[in-house]
Amino acid sequence: MEKFLQIAPHSLALVLSQVCADDEEDTSSSAAAVLTVNIHHQTGYEVFANFKAANMQHFWNKALTQALSQIFFLGWIDEHVLLIQGKEDHLQVLRNGWTRRTLKPPQGFDIKYIGRLELTVY
């Protein structure tokens, strides 16, 4: 039987992957785009702010905008995992937005998946 240890209560992990704007161009152009992305190294808080800004445009979904206004930046791991903390009902609204494909990623990223912060203890 697996036991779970919760790292941070009421938290959510957004696993992101970086994207290039010019994926369809030739190799030299996409290499230049990757170089441009890497020159401006974003901090975790900048990625979090971009995530909130991208999703605050959901004026038709008041629950989502309310949830976004109540969540907090918790951390940034390995430059692709954004840790968010908030009330459980606000985090559930984010999960629901992800399942309904209405949750937008931060600029320059795609959301690969969303998960809770738990460790399996053996």
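So the sequence shown is numbered by the working numbering: it starts at 808 and just counts up by one.
A virtual CB, placed ideally from N, CA and C, is assigned to each residue, including glycine.
Sort out for me which residues DSSP pairs residue i with in a bridge.
i    : result
Y920 : V822
G882 : L890
Select from the options the residue whose C-alpha is nearest the C-alpha of residue i.
i    : options                : result
S876 : R907, F855, Q914, W905 : F855
G904 : L821, H817, A815       : L821
M863 : G893, P912, R923       : P912
Quick check on DSSP: helix, strand or coil for residue i?
i    : result
H865 : coil
C827 : coil
Q849 : coil
T906 : helix
A815 : coil
K911 : coil
Roughly how far, in whole angstroms, is the beta-carbon of residue i from the beta-carbon of residue j, given that I think they are within contact range, below 8 Å?
i    : j    : result
L910 : L898 : L910 to L898, Cβ: 12 Å. No contact.
S818 : L890 : 6 Å
G915 : G882 : With 8 Å as the limit, G915 and G882 do not qualify as a contact, their Cβ atoms being about 19 Å apart.
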